[in-house]
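Chain order of the listed sequences is A and B. Quick note: the first sequence uses the working numbering, first residue 1, plus one each step. Quick note: the second sequence uses the working numbering, first residue 110, plus one each step.
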Amino acid sequence: GIQVEQSPPDLILQEGANSTLRCNFSDSVNNLQWFHQNPWGQLINLFYIPSGTKQNGRLSATTVATERYSLLYISSSQTTDSGVYFCAVERRGSEKLVFGKGTKLTVNP
Amino acid sequence: EPEVTQTPSHQVTQMGQEVILRCVPISNHLYFYWYRQILGQKVEFLVSFYNNEISEKSEIFDDQFSVERPDGSNFTLKIRSTKLEDSAMYFCASSEALRVRSNQPQHFGDGTRLSIL
Numbered sequence: 001g002i003q004v005e006q007s008p009p010d011l012i013l014q015e016g017a018n019s020t021l022r023c024n025f026s027d028s029v030n031n032l033q034w035f036h037q038n039p040w041g042q043l044i045n046l047f048y049i050p051s052g053t054k055q056n057g058r059l060s061a062t063t064v065a066t067e068r069y070s071l072l073y074i075s076s077s078q079t080t081d082s083g084v085y086f087c088a089v090e091r092r093g094s095e096k097l098v099f100g101k102g103t104k105l106t107v108n109p
Numbered sequence: 110e111p112e113v114t115q116t117p118s119h120q121v122t123q124m125g126q127e128v129i130l131r132c133v134p135i136s137n138h139l140y141f142y143w144y145r146q147i148l149g150q151k152v153e154f155l156v157s158f159y160n161n162e163i164s165e166k167s168e169i170f171d172d173q174f175s176v177e178r179p180d181g182s183n184f185t186l187k188i189r190s191t192k193l194e195d196s197a198m199y200f201c202a203s204s205e206a207l208r209v210r211s212n213q214p215q216h217f218g219d220g221t222r223l224s225i226l
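In structure tokens, the structure reads:
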């Protein structure tokens, strides 16, 4: 099956810092989504981005489908950004999202 | 914005008991999914459901599990005889069905935390 690798596994930042999270995948995809899992376990959908670039406030994402990777940028990080960030992809011909293991982000005040 | 709702938010059940987790997908969505996440691990696909039948399932989705759309709004996951290792967060998701289904995002509920004692 398709492999999804996220890096780094852990990231610790000071409030106000910027960061880049990476997601590599091993096959062509129809769908790519970024999620933030908050301390209560909820999965918050950040971006639906099978290709191209999108921005939402301090967050932006870019997917280069031909090179099989996606990047999530967080600027001016806040303590509320802490949590686990998951990348999930849907391989062509499949209906399921395959999740990476996530990047655990800790933003310290 | 319409959302996927799941009930209950937390379910505690004795090992060996049956449990039913409930989901109300977004109203115009026709594809439904269940995923689970064991504590500290990644989210795993269980099953997808379309047109009143299972369209894809994982090896985790064995004979202990079943899904049903009992009416026009609910989508349920049943575990017949729960085991300790079934303790996890269970997420329901739904997506639109257009003429070409691909390239539609999946919308997730807040999850049901299932604890087996």
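Glycine residues also receive a C-beta, built at the ideal position from the N, C-alpha and C atoms.
Start and end residues, beta strand (DSSP E) containing alanine 202(B): Under the DSSP assignment, alanine 202(B) falls in the beta strand (DSSP E) whose first and last residues are 197 to 204.
Answer yes or no: does any C-beta atom of chain B fall closer than 8 Å to that of phenylalanine 99(A)? yes
Cβ neighbours of phenylalanine 154(B) in the same chain (closer than 6 Å, five flanking residues each side left out): Tyr144, Ser167
Between the Cα of leucine 226(B) and those of Ala202(B), Asp219(B), Glu194(B), Phe217(B), spot the shortest distance and give me the residue it belongs to. The candidate whose alpha carbon is nearest that of leucine 226(B) is Glu194(B).
Of all the residues that make up the region 48 to 81 of chain A, which are near chain B by a beta-carbon distance shorter than 8 Å? Tyr48, Pro50
If you drop the 5 nearest sequence neighbours on each side, which residues of the same chain put their C-beta closer than 8 Å to that of glutamate 112(B)? Ile135, His216, Gly218, listed in sequence order.
How long is the line joining the alpha carbons of glutamine 150(B) and valine 128(B), rounded to whole angstroms? 22 Å
What are the residues of the region 111 to 145 of chain B that lie near chain A, defined by any Cβ-Cβ distance shorter than 8 Å? Tyr140, Tyr142, Tyr144
Suppose you measure from the CA of threonine 63(A) to the CA of glutamine 126(B); what does that come to, to the nearest Å? 44 Å
Can you give the Cα-Cα distance for leucine 72(A) and alanine 202(B), rounded to whole angstroms? 22 Å
In chain B, which residues lie with their C-beta within 9 Å of the C-beta of asparagine 24(A)? By Cβ distance, chain B contributes nothing, its closest Cβ being about 15 Å from asparagine 24(A), past 9 Å.
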